[in-house]
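Respectively, the protein sequence lines represent chains L and P.
Per my numbering, the first sequence starts with residue 1, numbered consecutively.
Per my numbering, the second sequence starts with residue 1001, numbered consecutively.
Here's the structure we're looking at; comments come further down.
Protein chains: 2
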Amino acid sequence: MLKEWISDLKPTDEVIAERLERARDELAARQMKVKEKGLPVLVVLDGWGAAGKGSALGKMIKNMDPRFFKCETLSEPSPDEKRRPFLYRYFIRIPAAGQFAFFDGSWMGEVTSRFLSGETSKKDYKTQLTSVKRFERQLSDNGCLVVKFFFHISEKVQKKRLKALESDPTTAWRVSDRDRWQNKHYGKCLDVYDEYLETTNQFVAPWYFINSTDRKWAELQMTEILISAIDTALKNTENRSVPILQNTFPLSPMPKLSSVPLDKTLTDEEYRTELDRLQMRLKQLHNELYLRKIPVIIAYEGWDAAGKGGNIKRLASALDPRGYEVHPIASPEPAEKARHYLWRFWKRLPKDGHIAIFDRTWYGRVMVERIEGFCTENDWQRAYNEINEFEKELSDWGAVIIKFWVQIDKNTQLARFTDRQNTPEKQWKITDEDWRNREKWDLYETAVDEMMQKTSTEFAPWHIIESNDKKYARIKALKTVISACEEKLKD
Amino acid sequence: MLKEWISDLKPTDEVIAERLERARDELAARQMKVKEKGLPVLVVLDGWGAAGKGSALGKMIKNMDPRFFKCETLSEPSPDEKRRPFLYRYFIRIPAAGQFAFFDGSWMGEVTSRFLSGETSKKDYKTQLTSVKRFERQLSDNGCLVVKFFFHISEKVQKKRLKALESDPTTAWRVSDRDRWQNKHYGKCLDVYDEYLETTNQFVAPWYFINSTDRKWAELQMTEILISAIDTALKNTENRSVPILQNTFPLSPMPKLSSVPLDKTLTDEEYRTELDRLQMRLKQLHNELYLRKIPVIIAYEGWDAAGKGGNIKRLASALDPRGYEVHPIASPEPAEKARHYLWRFWKRLPKDGHIAIFDRTWYGRVMVERIEGFCTENDWQRAYNEINEFEKELSDWGAVIIKFWVQIDKNTQLARFTDRQNTPEKQWKITDEDWRNREKWDLYETAVDEMMQKTSTEFAPWHIIESNDKKYARIKALKTVISACEEKLKD
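So, in structure tokens, the structure goes:
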């Protein structure tokens, strides 16, 4: 599509100057509206080396209030970022509600240059394109405006600009090896960019091409398009509803909670023998996982007082403390509420070879947020697919994903609540909210059943841990983690 | 994407029966809401031969009120339809606001089977895919819900079903040669379908795959997905705003109206000689165009009293009355208002080899509708691109497109208005509305200037006809039509 693209007629210099002045003022005015309406705006600048992205951006933001935007230059990932899924460093930088983020360079550059250099196979490249499309769609579906610019210049103009930069010692450093390579292989790059642009030109995040031969004109095009995109998005901030996509991931069948027998127990004797043996085994595995750089993500959900805390403790105590982290998840903080609901989990992803244990998880979206009305029906209905996509991303990255639902019956919960209430050193564990949640048991049960039906994928299955007997539950959790890791290590 | 698709787990027969009953009731209830909110719903059923589209559709609509839906079986285009752009027969069948249209078979079948049979080249196929994407996006942008289903069965299941149908004399007729061919070349078809589905899987009109191995389950999947899609769309019927896409068509520069000199005149003598000569020439050309099956579309816009009527008369009188039609365009009728604003123009497209002359056109969207607030700002801003896409479709079909702006100055208009008012036999030509429009001259001038800047594409350019002297104007219009047709006939 870039190849066939014909840019609009360039206006005269006077017209450009006049429109530019107006556009700059208008952008400044839009910024206040964006703030007021709480719209997050992500602006992505891609394009040819020496096309003038940076200078256009520099000029455009001059009239903006620096408190409400951030510019990020995203060239090579840092060593730390390389140990995360490739979208990690972009996801953690998404703007908050009412804020702008400008990315000078994006996932496009990273993904295409790795493919061009042969580092990524055709197959992996296709998978990455799918990931990119999902990422952009999720941002948009969750209310973020995504505007993507591609700064276009011809082979000739690029060559001329690179030469000019190189010949001046004060600017020579700005020409990278990649720029030189790009100009030398302009045609090959154009083919790959063209296909990339076509594939990722989604309605929810369309591409806008900038004829970048003239710098002022480039700035004008970008500013005017951005204003138009903001105006459209501002009108859509309220009452948005987004189509619910069909599940396309392989699902494993899950029983309904009501049909799970909870009579399984272990004697103290059995428990202690098993615990020792399994913790020892897990310790060995943790070491192997570390050496093989395999990340592990363990998600705990379950009823209040089901015994998640004690269960996690038995798991964690087998692990090398330098190689794991436990993330207790409470209600989101303001900075978290202002972003895509998965943002706080992306931020907490482990490095490869590390283990992250989540005490409550992203499934809050389809449980508490659904039941308490913290998000709209459309939001939580969409979330099943969004979460599957998120976990697919983790799985593609190479992670082992284990999800536990810690199950008890209603009477057992009552007994434990009462015990907590009556035992001074346990009283901190029980709150009024726990009692209120208990009243909504049936609503939760329906939500949990639906959640497990819809999100137990083959790459991230749910495991029900029967926890009327906590000892049995702990052993089962350990065994499940061990067998999932062993399975992965066979690969 | 179809190849990698993994369908959801099939529920038990009891669960299917139970959910089906509920879903059928819900769909009936949704129908009333669709009616109430004025949502147009286009449901497209594609898929493998013998996948059971027809029977699933038959069952689904059983509970619907037949006053509010239409089923269309779209297999082969009729001879008459073949003489129109390939999307014509689909566009003219789009549903009205508050109505459902079910298409059993769609453009997918037509486009892919022509490509599979080698009738369409790879290049033309790509162009058609672009057309399809634009068509679906335009429907959605203009408020129509588009739901696309692909009924999927394996090669084996298809073979078995075809055999069963063939072996029973009462059903053997239902197996077409195309079905047999499809089963024999299942793998090849799958490749083409897969790419088609991937390419046309747009956010504005996503694909939903139906595992069609079990008939009841297929009906259930389709019904539930349709209900979900309707619910989403119902929430979005108000205050919708759609991103304004960038122009990607080659534009020709156009002067501002205020800079067009209007002092050109012809003597009676010159006029009569030229008129005879040019009308003769046009007559010849019309014949050639007819033989070469080239359609011609001539669009007239201009100020009230600019002389459009007389101009059209001189053009038409040169043509064979069997080969042209003049379409006077007034404000849209209720059936037209209830659909995409281009619908009434699609319906009036000529057959190939014929000439259609429009007295006022689809440009009403960006003139009167813009100025009188008959559509939203987002609607008319989007329209420039939508109209360019429409005209591109006509151009790809092979049409000559000529667009006239008949220009006079404000004083000339006043003189003509006054003359009409004072001449009894001309009084029918002047209304209060003309006077009201005259007061908005400046608003119109701004709108016309913007319109001509944004829609004068190389394949459908605007021509300004200076008409202070009507004789000059008529001769210029004739010359313009002749040279455009001569140009086309050179190809």
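Glycine included, every Cβ here is placed at the ideal spot set by N, Cα and C.
| Query | Result |
| --- | --- |
| Short Cβ contact (8 angstroms threshold) for phenylalanine 1135 (chain P) with leucine 1087 (chain P) | yes |
| Whole alpha helix (DSSP H) elements within the region 123-195 of chain L, 4-residue minimum | 155-167, 177-184 |
| Selection of the region 1195-1212 of chain P by Cβ proximity to chain L, strictly under 7 angstroms | Gln1202, Phe1203, Val1204, Pro1206, Tyr1208, Phe1209 |
| Pairwise C-alpha distance: glutamine 413 (chain L) and lysine 148 (chain L) | 51 angstroms |
| Helix, strand or coil at lysine 440 (chain L) according to DSSP, with G and I counted as helix | coil |
| Beta strand (DSSP E) segment containing lysine 216 (chain L), residue limits | Note, lysine 216 (chain L): premise wrong, no beta strand (DSSP E); alpha helix (DSSP H) at 215-235. |
| Cross-chain neighbours of valine 260 (chain L) in chain P, by beta carbon under 9 angstroms | Result: empty, since nearest Cβ-Cβ is about 18 angstroms, beyond 9 angstroms. |
| Counterpart residues of glutamate 72 (chain L) in DSSP-defined beta bridges | L:Phe103 |
| Alpha-carbon to alpha-carbon, valine 1041 (chain P) and lysine 1059 (chain P) | 18 angstroms |
| Alanine 1306 (chain P) vs glutamine 1381 (chain P) beta-carbon contact at 8 angstroms | no |
| Opening and closing residue of the beta strand (DSSP E) in which glutamate 1301 (chain P) lies | 1296-1302 |
| Presumed contact (8 angstroms Cβ cut-off) between valine 1043 (chain P) and phenylalanine 1102 (chain P), rounded CB distance | 5 angstroms |
| Limits of the alpha helix (DSSP H) - the one that histidine 286 (chain L) falls within | 268-291 |
| Endpoints, beta strand (DSSP E) assigned at lysine 1403 (chain P) | 1400-1407 |
| Per-residue DSSP class, three states only, for glutamine 1413 (chain P) | helix |
| Cutoff 8 angstroms; reference valine 1242 (chain P); Cβ partners in own chain excluding five residues on either side | Asp1141, Asn1378, Arg1382 |
| Beta carbon of glutamate 1301 (chain P) nearer than 8 angstroms to that of tyrosine 1363 (chain P) | yes |
| CB contact check: phenylalanine 1249 (chain P) to chain L, cutoff 8 angstroms | yes |
| Distance, lysine 33 (chain L) Cα to valine 192 (chain L) Cα | 38 angstroms |
| Beta bridge counterpart(s) of tyrosine 1208 (chain P) as assigned by DSSP | P:Phe1149 |
| The region 1432-1452 of chain P touching the region 1274-1283 of chain P, judged by at least three CB pairs closer than 8 angstroms | no |
| Best match in P:Ile1464, P:Gln1128, P:Asp1046 for proximity to aspartate 1396 (chain P) [C-alpha to C-alpha] | P:Gln1128 |
| Reduced DSSP category for glutamine 246 (chain L) - H, G, I as helix; E, B as strand; rest coil | coil |
| Expected contact under 8 angstroms - CB spacing of proline 1085 (chain P) and glutamate 1393 (chain P) to nearest Å | 5 angstroms |
| Three-state secondary structure assigned by DSSP to glycine 118 (chain L) | coil |
| Glutamate 119 (chain L) burial status per 10 Å Cβ neighbour count (16 or more: buried) | exposed |
| The region 1158-1172 of chain P touching the region 1015-1025 of chain P, judged by at least three CB pairs closer than 8 angstroms | no |
| Under 7 angstroms by beta carbon: chain L residues contacting tryptophan 1005 (chain P) | Thr248 |
| Which of helix, strand or coil DSSP assigns to alanine 356 (chain L) | strand |
| Chain P contacts made by the region 226-242 of chain L, where a contact means CB separation under 9 angstroms | Ser228, Ala229, Asp231, Thr232, Ala233, Leu234, Lys235, Asn236, Glu238, Asn239, Arg240, Ser241, Val242 |
| The beta strand (DSSP E) enclosing tryptophan 1462 (chain P), as first and last residue numbers | 1462-1466 |
| C-alpha distance - isoleucine 1153 (chain P) paired with leucine 1234 (chain P), whole-angstrom precision | 32 angstroms |
| Contact under 8 angstroms by Cβ, arginine 389 (chain L) with glutamine 138 (chain L) | For clarity, residue 389 (chain L) is glutamate in the given sequence; the question names arginine instead. Yes, they are a contact pair. |
| Simplified DSSP state of threonine 1418 (chain P), which is helix, strand or coil | helix |
| Where isoleucine 1244 (chain P) meets chain L, residues with beta-carbon distance less than 7 angstroms | Ser228, Thr232 |
| Segment contact flag, the region 346-353 of chain L with the region 310-321 of chain L, C-beta cutoff 8 angstroms, min 3 pairs | no |
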